[in-house]
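Heads up: the structure comes next, in structure tokens.
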Amino acid sequence: MKLKESYSVVIDAVPPYSFELSLRKPAGWWWSTPEEIFENGVCWSATRFNKELLGLKLCSTGTKEKPQVHCTIYSKNKIGNSEKQNIVRMLQRSLKTKENLTGFYELSKKDDIMRGVVEDLFGMHTVGWPELFPALILAVTLQMAPMKRSNQMMDLLMAKFGEQINFNGKTVRYWPSTETIASKSTQELMTEAKLGYRAKNLIDIAKTLNQGFPTLDELSSLDPQEAKQKILSLQGIGPYSAELVMPRMEFPLDTWSAKIFNVLFFGIEPQKPRDAVPALKKVAEERWGNWRGYAFVYVLNDLTKLSERIGFDLTKF
DNA sequence: GCGTCCAGGTCTACC
DNA sequence: GGTAGACCTGGACGC
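When we follow this note's numbering, the leftmost residue of the first sequence carries the number 4, and every step to the right adds one.
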């Protein structure tokens with residue numbers, strides 16, 4: 004589908020804000036879709052807003068100290084003024100441009116783990132999901148699978164059921180819609196996207212979202228615990244997945260990250276990583292409070308340098 | 001080449 | 001309220 008340029012907006016961010024570190028994490032994580040393109044500091048990405056696909060071209064027009072993000076929005080149909088404002092709000096939320104990291108950096112000065120990590124990644128913000136369903140797809144495909152297999156499932160979902168947009172000379176593939184997934188049979192998703200037992204859950208989630216479910220913008224205006232309960236009510240979404248999807252990320256420990264944080268907190272590898280999760284979450288909450296989501300993202304994006312500092316190879320997990 | 005194990009969780013049944 | 005056991009699938013591993 005070919006999209007036309009609709010409008011541009013410049014979003015100011017609270018400094019320090021590193022556009023490149025925030026949008027293209029050192030560990031390789033993408034923002035909205037694994038297919039987004041990042042070249043010479045410019046990001047071409049996509050999202051779905053009110054059921055319509057949008058192309059997004061983002062770049063920094065400021066500095067870490069005076070940050071500005073220039074966003075151009077591409078669409079098939081004309082976008083009305085109130086819709087434009089809603090899209091800007093969505094971008095501000097998902098790019099975390101209003102988040103002030105002063106408290107996090109103050110706390111990190113006194114923390115042995117975080118002190119070096121924040122120096123390495125100064126200005127990096129966590130990012131939020133532009134859209135809820137892709138976040139849930141990621142969470143579901145990460146369950147009970149090595150990364151290679153999760154990537155295979157996501158890639159097949161995009162290839163067989165996703166959509167492709169062309170704008171500004173770029174082509175970006177995007178996630179399937181809830182309508183598309185809800186219309187498929189369990190068997191179809193099992194064979195075509197190799198989802199296994201997750202197929203049933205993903206269809207169930209898509210149907211629930213179709214029946215009317217808060218968007219991420221709406222969830223972010225709720226009390227965090229209320230928002231979490233809402234997300235947890237979805238079939239196949241447990242604590243790990245909910246914390247991964249939450250507007251303000253908590254501490255989504257899985258077996259991989261549990262091994263890493265067990266080494267950081269207690270100096271040893273856990274015998275059973277899943278059993279170690281409750282104790283690790285407790286330590287993270289006591290140590291980092293509401294900034295634990297930030298600590299989580301900073302640590303996992305700085306494993307190589309952190310490993311050198313502590314003399315333990317955290318990248319082996 | 002073949003069999004076994006288990007992974008970046010969640011739900012259910014049972015106590 | 002706590003906890004085994006099951007769940008798709010395919011890559012890794014041992015033989």
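Heads up, the beta-carbon is just placed ideally off N, CA and C, and yes, glycines get one too.
{"Asked": "Among D316, V175, F22, E221, whose alpha-carbon lies nearest the alpha-carbon of T66?", "Found": "F22"}
{"Asked": "Can you give the Cα-Cα distance for V72 and Y297, rounded to whole angstroms?", "Found": "21 Å"}
{"Asked": "By the 10 Å Cβ neighbour count, where 16 or more other Cβ atoms means buried, how is G241 classified, buried or exposed?", "Found": "exposed"}
{"Asked": "Does the separation of the CB atoms of L135 and L256 fall below 9 Å?", "Found": "no"}
{"Asked": "Tell me which same chain residues have a C-beta within less than 7 Å of the C-beta of L94, skipping the five on either side of it?", "Found": "I14, C74"}
{"Asked": "Can at least three beta-carbon pairs, one atom from the segment 111-122 and one from the segment 80-93, be found at a separation below 8 Å?", "Found": "no"}
{"Asked": "Could you please give the first and the last residue of the uninterrupted beta strand (DSSP E) stretch that includes A185?", "Found": "Not the beta strand (DSSP E): A185 falls in the alpha helix (DSSP H), residues 181-185."}
{"Asked": "Cutting at 7 Å between CB atoms, please list the residues of its own chain near E8, excluding the five before and the five after it.", "Found": "T75, Y77"}
{"Asked": "Where Y20 and M127 are concerned, what is the direct C-alpha to C-alpha distance, given to the nearest angstrom?", "Found": "6 Å"}
{"Asked": "Which ranges would you report for the alpha helix (DSSP H) in the segment 259-287 if only whole runs of at least 4 residues count?", "Found": "none"}
{"Asked": "Beta carbon of S153, beta carbon of L145: below 9 Å?", "Found": "yes"}
{"Asked": "Starting from the Cα of V130, find the closest Cα among K99, M156, K197 and give me that residue.", "Found": "K99"}
{"Asked": "Specify the secondary structure class of A49 as computed by DSSP and reduced to three states.", "Found": "strand"}
{"Asked": "In the DSSP assignment, find the beta strand (DSSP E) that holds D257 and state where it starts and stops.", "Found": "Per DSSP, D257 belongs to no beta strand (DSSP E) and is neither H nor E."}
{"Asked": "Do L6 and G58 have their CB atoms nearer than 9 Å?", "Found": "yes"}
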